[in-house]
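Below is one structure, written out as structure tokens, with a few remarks after it.
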Amino acid sequence: MAPRDITLFCLGNFPIPIISATPSSVIPWNGSVKILCRGTLESYLYQLEILENLTYKQVEKQLGFQEVAEFVINPMDTNTAGRYQCRYRRERHWSAPSEALELVVTGLYDKPFLSTNGGHVAMPGENISFQCSSAHMSFDRFSLSRPGGPTLSRHRDARLQVDFTLGPVNLSFSGVYTCYGWHSGRPYLWSAPSDALELVVTDTASQDHTTENWVRMGVAGLVLLALLAILAENRLGPQLPHQEDQQDLPDLSRSWQKSRTEWTFGLTPKDHQKDSWS
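Residues 0 to 277 in numbering that gives the first Met the number 0 are what the sequence shown spells out, letter by letter.
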């Protein structure tokens, strides 16, 4: 049997566990964090491990059939920050270890300053540059972080400032950003977070088109209402009298014809009367 097959037999050919941290893997000093290790429903033993001196050592075990095991670390300090992994036991074998989870503790140094030269509002497709700087503490690493987004780290020889360029940005880049400073020799111990800086990515052109469409729809609606009002007025306007109602009206047609004949021969109705009396 090949060595690789022996390894799979010893570890068990099981799904690799998934490790995660909530609410975040970046935790304030003396804060707490919950580490989740997801295995299978048949798993009856979970083990959490931390990397020390190039070797993973057991931190805690949890016994019981469950798909997800929870490990709470409280408080977070220089001893509990570090690189973690987990594994589970099923039947007579251990699973392969999960991918590594890095827990960072913040607040060991004064906060840096975060700024941007492009303003707080950007259009899709633009590039935005953030500057993270420290006036007093000399760092050789800086990290830019946003809740729900990846953490970006940069190295800078000057050790006082680093630039983070994001882009081309889209609407998903909107959010609140902070930055941290730290030393490469102590990668899990960071400074306090900088003051937050909010970035808004907005597609104003799309909003303008939406507004124009609403205006067009509103005008069309007003025109339709006007047409309906005109039609209603025509239907409900004055009607010609019915035949039975015309019997009570005086017969003006003969009088009108007589007057018209008199005006035709140059006589007024009065002159005609005089002529007939003479």
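Ideal Cβ placement from N, Cα and C applies to all residues, glycine included. What you are looking at is a predicted structure, and each value in this text was computed from that prediction instead of being measured.
- Secondary structure at V103: strand, using DSSP grouped into helix, strand and coil.
- When the beta-carbon positions are compared, F112 and S193 come within less than 8 Å of each other.
- Contact fails between the region 82–92 and the region 112–128, because fewer than three Cβ pairs, one in each stretch, are under 8 Å apart.
- Listed in chain order, the beta strand (DSSP E) elements of length 3 or more contained wholly in the region 15–79 are 17–21, 25–27, 32–37, 44–51, 54–62, 67–72.
- Residues of the same chain with a CB within less than 6 Å of the CB of T79, apart from the 5 flanking positions on each side, are I72 in chain order.
- Closest in alpha carbon position to Y45, among V32, E66, L159, is E66.
- I34 is not a Cβ neighbour of F64, given a cutoff of 8 Å.
- Under the DSSP definition of a beta bridge, R185 partners with H182.
- About 12 Å separates the Cβ atoms of P123 and V199, ruling out a contact at the 8 Å cut-off.
- Rounded to whole angstroms, the separation of the alpha carbons of S144 and P186 is 15 Å.
- Shown here, A121 sits in a strand according to DSSP, grouped into three states.
- Residue state for L159 is assigned as coil, using DSSP reduced to three classes.
- When the beta-carbon positions are compared, S94 and P22 stay at least 8 Å from each other.
- Taking L62 as the centre and dropping the five residues before and after it, the same chain places the C-beta of L44 closer than 6 Å to its C-beta, in chain order.
- In the DSSP assignment, the residues bridged to T177 are S144.
- With respect to the C-alpha of L165, the residue from P149, Y179, L159, G180 having the closest C-alpha is P149.
- One thing to note: F141 has its Cβ no nearer than 8 Å to the Cβ of Y108.
- A straight line joining the alpha-carbon of Q57 with that of E48 spans about 4 Å.
- Contact check for Q160 and S132: beta-carbon distance about 4 Å, within the 8 Å limit, so the pair qualifies.
- Here C36 has P16, I18, Y45, A68, C85 as same chain residues with Cβ atoms under 6 Å from its own Cβ, once five neighbours each way along the sequence are excluded.
- Annotated three-state conformation of G81 is strand, per DSSP.
- The beta carbons of T39 and P14 sit closer together than 8 Å.
- Cβ-Cβ separation between W28 and V103: approximately 11 Å, too far for a contact (criterion under 8 Å).
- The residue among G81, E101, K110 with its C-alpha nearest the C-alpha of A195 is K110.
- In this structure, the alpha-carbon of L188 lies about 25 Å from that of P96.
- For S173, the closest of H154, A121, S128 by C-alpha to C-alpha distance is A121.
- Collapsing the DSSP output to three states places S128 in a strand.
- For S137, the three-state secondary structure derived from DSSP is coil.
- N169 and S137 have their C-alpha atoms roughly 33 Å apart.
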